[in-house]
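Position one of the sequence shown corresponds to residue 1 (the working numbering), numbered consecutively onward. Every residue, glycine too, gets a C-beta built ideally from N, C-alpha and C. I have placed the structure first, in the form of structure tokens, so that the comments after it can refer back to it.
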Amino acid sequence: MKPQEKLPCENLTKLMDFVLLDFAELPHLQGLLFALFLVIYIFILLGNGTILLITKVDPALRTPMYFFLGNFSFLEICYVSATLPRMLTSLWTQRRTISLVACATQMCCVIVLGATECFLLAVMSYDRYVAICSPLHYPLLMNPRVCVQMVAGCWVTGVPVQIGQTFQIFSLSFCGSNLINHFFCDIPPILKLASGDTLVNEMVVYLAAVLFITVPFILIAVSYGKIISTILRLSSSTSRAKAFSTCSSHLVVVTLFYGSAIITYLRPKNQDSGGTDKVLSLFYTIVTPLFNPVIYSLRNKDVIRALRKLLSK
1 MKPQEKLPCE NLTKLMDFVL LDFAELPHLQ GLLFALFLVI YIFILLGNGT ILLITKVDPA
61 LRTPMYFFLG NFSFLEICYV SATLPRMLTS LWTQRRTISL VACATQMCCV IVLGATECFL
121 LAVMSYDRYV AICSPLHYPL LMNPRVCVQM VAGCWVTGVP VQIGQTFQIF SLSFCGSNLI
181 NHFFCDIPPI LKLASGDTLV NEMVVYLAAV LFITVPFILI AVSYGKIIST ILRLSSSTSR
241 AKAFSTCSSH LVVVTLFYGS AIITYLRPKN QDSGGTDKVL SLFYTIVTPL FNPVIYSLRN
301 KDVIRALRKL LSK
């Protein structure tokens, strides 16, 4: 990320609000986009809400794997609700102004929930690692108390760091353009609007991305490396297929989320990357929550059975 020459704020009025452009470059499609994203939001709420419900009410799904899946679905609901309602309001009213405080609040919520998702995906991979590589120790290592502690750790670990990062970014001076080429207050487009030297802030963003994105991703990669090694040593093809089946859904979600997040936050930036960042952000903020219930329900016989039982009632 190369530092950009930015003008100081001397003799200029500091900004008190921003304008989220979202998809303003498509004026004739505003109604269609509103309808599309509204349907997507409803599907996300219904799909993840259903997964959350069945993991709570079905006794057969009261295992660590589905405990983590239920928490993941709840997280996805929170994650998408931090961005989509605001975008839907903008598309409907065509009023895109957002105050500095509201922008900072939205950014903080998004990056806190994003960090939580990174850690929770790592915990889910560890659960699969223990289940496949150490099945005899699984009940001891993944007892209910440990599972609750791991989930609580995922939710709270990133909070102080991300609140500090948000405070640091919004302590910068903003006195030039107030147009954010994005559909929510994300870090890269906000830093582009800051006046003065932002090199330190950009380095902090990189360090945070390494801590909250790269480290969990490495843990996931190591876990699945050992899982695949263990599966390939199984003598029965049926056992191998069953083991791969329990991991495939999680791997698809990891690929969708981490692929777009890593490219967004760790690739070199340039002046024309705003449109690319916007498209990539759609994957980890909207596409992953949308397909999460579909991926887990289609690839999991226990979830399908629980859904049928719920619908029959």
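Per DSSP, residue 17 is paired with what?
Answer by DSSP bridge pairing, in chain order: 99.
If I follow the unbroken alpha helix (DSSP H) through residue 31, where does it start and stop?
Residues 30-57.
Helix, strand or coil for residue 134? Go by DSSP, reduced to three states.
Reduced to three states, the DSSP call for residue 134 is coil.
Rank 114, 71, 87, 132 by C-alpha distance to the C-alpha of residue 36 and give the top, closest one.
Residue 87 is the option with its Cα nearest to residue 36.
With burial defined as no fewer than 16 other Cβ atoms inside 10 Å of the residue's Cβ, what is the status of residue 192: buried or exposed?
Residue 192 is buried by the Cβ-count criterion.
I need the straight-line Cα distance from residue 79 to residue 110, nearest angstrom please.
In a straight line, the C-alpha of residue 79 is about 7 Å away from that of residue 110.
Would you mind giving the Cβ-Cβ distance between residue 314 and residue 52, rounded to the nearest angstrom? I have them listed as a contact below 8 Å.
This structure gives no information on residue 314, because the portion of the chain shown stretches from 1 to 313.
Classify residue 17: buried if its beta carbon has 16 or more other beta carbons within 10 angstroms, exposed otherwise.
Burial call: exposed.
Going by DSSP, name the residue or residues bridged to residue 173.
Per DSSP, 195.
Distance check for residue 265 and residue 328, CA to CA, integer angstroms please.
Any property of residue 328 remains undetermined from this structure, which presents the chain solely from 1 to 313.
Just the C-alpha distance for residue 83 and residue 182, rounded to the nearest angstrom, thanks.
Taking the straight line from one Cα to the other gives about 11 Å.
At 4 residues or longer, and completely inside the region 225-311: list those alpha helix (DSSP H) runs for me, N to C.
With a minimum length of 4 residues, the continuous alpha helix (DSSP H) runs that stay inside the region 225-311 are 237-266, 274-282, 288-298.
So, under 8 Å CB-CB, residue 290 and residue 44 are touching, yes? Tell me the CB distance rounded to an integer number of Å.
That belief holds up - the Cβ atoms of residue 290 and residue 44 are roughly 5 Å apart, short of 8 Å.
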